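Position in the sequence shown (from 1) plus 1 gives the number in this note's numbering.
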Amino acid sequence: MSGKLVTIAKCSTEAEVDGVSAALRLAAIEHVVRRATIGAPGWELAVRDVDSDRADEIVNDIYGINTREAEAAVVPPPAPLQVCESCGATDIARTPKLQIFLLGLVMSIGFAFVADSKLSRVSFFLIAGLAIAMLVLDKWRCRECGNGWK
Ligand SMILES: [Zn+2]
Numbered sequence: 002m003s004g005k006l007v008t009i010a011k012c013s014t015e016a017e018v019d020g021v022s023a024a025l026r027l028a029a030i031e032h033v034v035r036r037a038t039i040g041a042p043g044w045e046l047a048v049r050d051v052d053s054d055r056a057d058e059i060v061n062d063i064y065g066i067n068t069r070e071a072e073a074a075v076v077p078p079p080a081p082l083q084v085c086e087s088c089g090a091t092d093i094a095r096t097p098k099l100q101i102f103l104l105g106l107v108m109s110i111g112f113a114f115v116a117d118s119k120l121s122r123v124s125f126f127l128i129a130g131l132a133i134a135m136l137v138l139d140k141w142r143c144r145e146c147g148n149g150w151k
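Encoded structure:
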């Protein structure tokens, strides 16, 4: 093995050495195990300078300190933004379906009380019609071009 050697992991147990060594072998990265020269007793795994970035990633994966994943976990995914399919505007209004439904419901029931008993069945149709309107009504509406969608 030629070239400058870079220490990529320090291991305190032989099992640890075996684990890292096996992972490096799987990735076909040449490496050497040597007695730790500095600090606590143990072993060092060293690879050639050119392999050190790749080897670092493998070692980080083994020890669960994958920095890219850690960063990704901290930053929450952006909230889905409603965009008009027709003009691309982001000025979107949400149709207050529930409020419209409740208002219509109250009015229909009020009508049933006020109206003649023969007419009270009309309020049933009003409520039924209202429910259907709720299903048909668009949930989103573009303030730019008036395009509506679910
Ligand atoms: Zn639009």
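Glycine included, each C-beta is placed from N, C-alpha and C at the ideal position. Nothing here was measured: the structure is a model prediction, and the numbers come from that model.
Bridge partners - residue i, DSSP secondary structure assignment
i            : result
cysteine 12  : Trp44
valine 84    : Answer is none; valine 84 lacks a bridge partner.
leucine 6    : Arg49
alanine 94   : Arg142
aspartate 20 : Just to set this straight, residue 20 is glycine in the shown sequence, not aspartate. Paired residues: none, contrary to the question.
Proximity test, residue i beta-carbon vs ligand 1 heavy atom, cut-off 6 Å
i             : result
serine 22     : no
serine 87     : yes
asparagine 61 : no
glutamate 145 : yes
alanine 129   : no
Exposure label - residue i; buried when at least 16 CB within 10 Å
i             : result
alanine 56    : buried
leucine 104   : exposed
glutamate 15  : exposed
serine 13     : exposed
alanine 134   : exposed
cysteine 143  : buried
alanine 132   : exposed
valine 137    : exposed
valine 115    : exposed
valine 21     : buried
tryptophan 44 : buried
alanine 129   : exposed
alanine 10    : buried
leucine 99    : exposed
aspartate 19  : exposed
Near ligand 3: residue i beta-carbon under 6 Å from a heavy atom
i          : result
alanine 94 : As for ligand 3, it is missing from this structure, which binds only ligand 1.
Limits of the beta strand (DSSP E) - the one that residue i falls within
i             : result
isoleucine 63 : Counting along the chain, isoleucine 63 falls outside any beta strand (DSSP E), though it belongs to the alpha helix (DSSP H) covering 53-63.
Count the CB pairs spanning the stretch 58-66 and the stretch 88-101 that are closer than 8 Å, and state whether there are at least three. Result no; under three Cβ-Cβ pairs closer than 8 Å.
Between the stretch 97-114 and the stretch 36-56, do three or more beta carbon pairs fall short of 8 Å? no
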